[in-house]
Structure formats: C-alpha cells, structure tokens
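Have a look at the structure below before the remarks.
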Amino acid sequence: MKSILVPTEPNDAMWSTLSTALTAAKTFGSRLEGFAVRVSVPTVVAMDVAPSASLAFFEEENAEAARQSRDLFAKFMADHAVPAAPPAGQPRGPQTAPSWAWLDDAPEGDNFVGHYGRIFDLIVMGRPSTDPQGPHMSTFEAGLFESGRPILLAPPKPSATVGRHVLIAWNCSTEQARATAFAMPFLGRADQVTILTVEGAVVPGPSAEQLAANLALHGIKTSLASIKGGDNRTAGPIILDHAQRAGCDLIVKGAYTQSRLRQMIFGGTTRHILTYAEIPVLTAH
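Residues in the sequence shown are numbered from 10 upward in steps of one, following this note's numbering.
Encoded structure:
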C-alpha cells in the first residue's frame with residue numbers, strides 16, 4: 010500500500026482521519042496525497058433559479074473551504090515531520106518512508122473521489138456523520154462504489170495502532186471476500202488475526218475454517234470465533250462488541266451485502282458499523 014489518498018475537508022474529524030492515514034503510511038512507507046473535497050454547485054444555482062450573487066457567494070465559500078483543507082493537511086504533515094514528496098517529473102526511488110503531496114484544483118463533486126481513487130492502493134476517510142461539514146455519506150459511497158479500491162474508515166478519535174490485531178467479520182459474501190483480499194497487506198503484518206462469524210448472518214459460501222486454511226498458505230495464523238445472532242442481537246453490534254473486548258485495532262468488513270436501500274430503510278450491519286465503529290474499519294464493496 011504505497012499510495013494513500015486522503016480526501017480532505019475542514020471539519021472536526023479530519024485530524025483523526027489524517028492520524029489514521031499516517032499510521033498506515035508508517036506501516037507501509039506510503040505516499041499520502043490529499044485534495045480538497047469541494048461541494049458541487051447546488052442544482053438551484055446551476056439552473057439559475059437563484060440570483061448570480063448566490064453563485065458568487067457559494068464559489069467563495071467553496072474556495073475558502075479548499076484553502077482551509079490544504080492548510081490543515083500541510084500543517085498536520087509539518088507537525089509530524091512528514092517530508093513533501095518529490096515534484097512530478099523528478100526521479101523517484103522506492104517509497105520506504107511516509108511522504109506527502111497535495112492535488113490542487115480538484116474538481117467539484119463527490120464523484121471525483123471515486124474516479125481519482127482508482128489509481129491508489131488505499132483511500133482513507135473519516136467515518137460518515139450528520140455534521141454539515143462532513144465527513145459525508147455521499148463522499149464515502151462515491152469512493153466505495155466508484156473507485157474499486159479499499160477504503161479505510163477512521164474513527165472519531167485516532168487509534169494508536171492500525172492492524173496489530175485484525176478482526177475479519179466473515180459472512181461468506183462476495184463483498185467480504187473483496188475486503189479480505191484488499192486487507193492482505195495488513196493481515197500479513199498483523200500480530201493476531203481473528204475470524205469472526207455471526208451465526209444467522211451469513212450467506213452461502215466458504216466457511217471461516219476454509220478461509221483460515223487459505224490464509225495459512227500465506228503464513229497468516231488465525232483464530233476462529235463464532236457467536237450466535239438473533240432478533241435481539243444483530244451482527245453489527247456483535248462485531249463491534251467483540252472487536253472492542255478482544256482489543257482489535259482494525260475490522261475488515263465488506264460493505265452492503267444487503268442492498269443499500271434496504272439498509273437505509275431497515276438498518277443493517279454496514280449501516281451500524283458506519284455509525285458506531287470506534288476503531289478503524291477497512292471496507293470494500
């Protein structure tokens with residue numbers, strides 16, 4: 010994971026997001042690249058329903074937020090003595106220690122996260138919240154569904170470590186298989202890996218024992234845990250509770266095995282973890 014993308018916004022969660030990204034970058038010797046997430050012009054403005062003064066005000070607000078984002082990103086890197094990466098076009102050797110770069114003039118809209126994120130090994134974002142300043146669910150979902158890359162969700166308070174004890178929330182699904190495959194760089198370095206299955210919250214597919222046997226071929230030792238779910242104990246709370254009690258510092262969880270619409274209406278494991286996780290979560294769809 011030599012390249013890490015960090016969509017940046019001037020909100021209270023950003024410092025924890027950058028801390029989580031830097032912890033991962035120290036593990037892998039990664040280049041961190043930030044850019045300002047810029048809100049797209051509202052439809053009412055784009056359709057010229059609002060007066061031109063509103064458009065000018067919105068553009069100035071967007072520009073100011075972008076400046077604040079860059080200043081926040083650069084200050085964090087300076088405070089943690091992370092050097093700037095060589096400019097584009099200069100010779101670069103193998104990346105062995107964290108460095109940083111900034112992309113100026115990123116276009117407006119959440120879609121850019123998904124489009125640009127396709128060339129990165131990892132995208133780090135804050136856990137979505139209801140704060141108008143973000144992190145926004147729309148930004149997360151653009152990265153999740155459009156980039157084809159794994160997303161590392163940072164909790165509101167940074168974790169001192171990421172990936173020492175990894176919990177794989179195995180439900181046998183395609184989405185979980187992708188997340189687990191993306192997590193292999195973390196799994197290969199982990200001190201402990203636990204595969205958790207919540208009975209009654211799985212789909213047809215390989216068992217946890219079969220996953221453990223495959224990981225063993227890579228030299229990854231695992232322990233297995235199985236917990237019975239039920240009407241009063243759904244998978245989301247069980248996963249988070251087990252991760253906390255076991256001292257895990259990373260959850261690997263595929264996103265939206267159930268449809269996104271169903272989870273929005275009725276709730277679901279992904280929705281619960283997005284709302285309540287207090288440790289980093291590596292996810293993919």
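The beta carbon of each residue, even a glycine, is placed where N, CA and C say it ideally should be.
With a threshold of 8 Å on Cβ separation, who are the neighbours of residue i within its own chain once the five nearest residues in sequence on each side are excluded?
i: His227; result: Met193, Leu196, Gly197
i: Trp111; result: Glu42, Gly43, Phe44, Arg79, Phe82, Ala83
i: Ala221; result: Ile204, Thr231, Leu233
State the DSSP-derived secondary structure class of residue i, mapped to helix, strand or coil.
i: Val53; result: Note that Val53 scores 44 on pLDDT, short of 50, meaning its location in the model is unreliable; the coordinates nonetheless yield the value given after this. It is helical.
i: Arg198; result: coil
i: Glu73; result: helix
i: Gly38; result: coil
i: Trp24; result: helix
i: Gly43; result: strand
i: His174; result: strand
i: Lys84; result: helix
i: Ile229; result: coil
i: Thr29; result: helix
i: Ile288; result: coil
i: Gly209; result: coil
i: Pro246; result: helix
i: Thr279; result: helix
i: Ala90; result: coil
i: Thr266; result: coil
i: Ser78; result: helix
i: Thr189; result: helix
i: Ala222; result: helix
i: Ala305; result: Residue 305 is absent from the structure shown; the chain starts at 10 and stops at 294.
i: Ala217; result: helix
i: Thr163; result: For the record, residue 163 in the displayed sequence is Ala; it is not Thr. Strand, per DSSP.
i: Ala234; result: strand
i: Ala293; result: strand
i: Gln272; result: Because the pLDDT of Gln272 is 47, which lies under 50, any placement of that residue in the model is unreliable, and the number read from its coordinates should be weighed accordingly. Gln272 falls in the helix class under three-state DSSP.
Check whether the Cβ atoms of residue i and residue j sit closer than 8 Å, and answer yes or no.
i: Ser108; j: Ala94; result: yes
i: Thr26; j: Val133; result: yes
i: Ala13; j: Ala33; result: The sequence shown places Ile at residue 13, not Ala. Closer than 8 Å, so yes.
i: Phe129; j: Arg158; result: yes
i: Thr260; j: Val207; result: Here residue 260 turns out to be Ile, not Thr, going by the sequence shown. Not a contact, by the Cβ cut-off of 8 Å.
i: Ala293; j: Arg136; result: no
i: Gly245; j: Ile282; result: yes
i: Ala177; j: Leu205; result: Checking the sequence shown, residue 177 turns out to be Ile, not Ala. Yes; because the gap between Cβ atoms is below 8 Å, this pair is in contact.
i: Arg173; j: Ala199; result: yes
i: Pro19; j: Ala74; result: yes
i: Thr278; j: Val171; result: no
i: Ala22; j: Pro141; result: no
i: Lys296; j: Val202; result: Only positions 10 to 294 of the chain appear in the structure, and residue 296 is not among them; the question remains open.
i: Arg47; j: Glu117; result: yes
i: Asn149; j: Leu291; result: The amino acid occupying residue 149 in the given sequence is Phe; Asn does not appear at that position. Not in contact: Phe149 and Leu291 (Cβ atoms no closer than 8 Å).
i: Leu162; j: Leu131; result: no
Once the 5 residues before and after residue i are set aside, which same chain residues still bring their CB inside 7 Å of it?
i: Tyr285; result: Leu249
i: Ser182; result: Val212, Gly214, Gly263, Thr266
i: Pro167; result: Ser25, Ser28, Thr29
i: Ser147; result: Asp119
i: Thr127; result: In the sequence on display, residue 127 carries Arg and not Thr. Closer than 7 Å at Cβ, skipping near neighbours: Ser156, Gly157, Arg158.
i: Ser49; result: Glu117, Gly118
i: Glu70; result: none
By Cβ distance, which residues of its chain are closer than 6 Å to residue i, with the 5 residues on each side in sequence left out?
i: Asp88; result: none
i: Thr104; result: As written in the sequence, residue 104 is Gln, which differs from the Thr given in the question. For Gln104, where only same-chain residues beyond five positions count, the Cβ hits under 6 Å are Lys11, Gly38, Arg40.
i: Val91; result: Pro107, Trp109
i: Gly143; result: Glu18, Asn20
i: Ala217; result: Trp179, Ile204, Thr206, Leu233
i: Phe85; result: Leu27
i: Thr299; result: Examination of residue 299 is not possible in this model, given that the chain is present from 10 through 294 alone.
I want to check one thing, is the minimum distance from the CB of residue i to the heavy atoms of the ligand NAP below 7 Å?
i: Ile132; result: Here there are no bound small molecules, and the ligand NAP is not part of this structure.
>> Taking 8 Å as the cut-off, does the region 253-260 touch the region 109-129 (at least 3 CB pairs, one atom from each stretch)?
In response: no
> Which whole runs of the alpha helix (DSSP H) in the region 116-161 are 4 residues long or more, in chain order?
Replying inline: 120-125, 146-155
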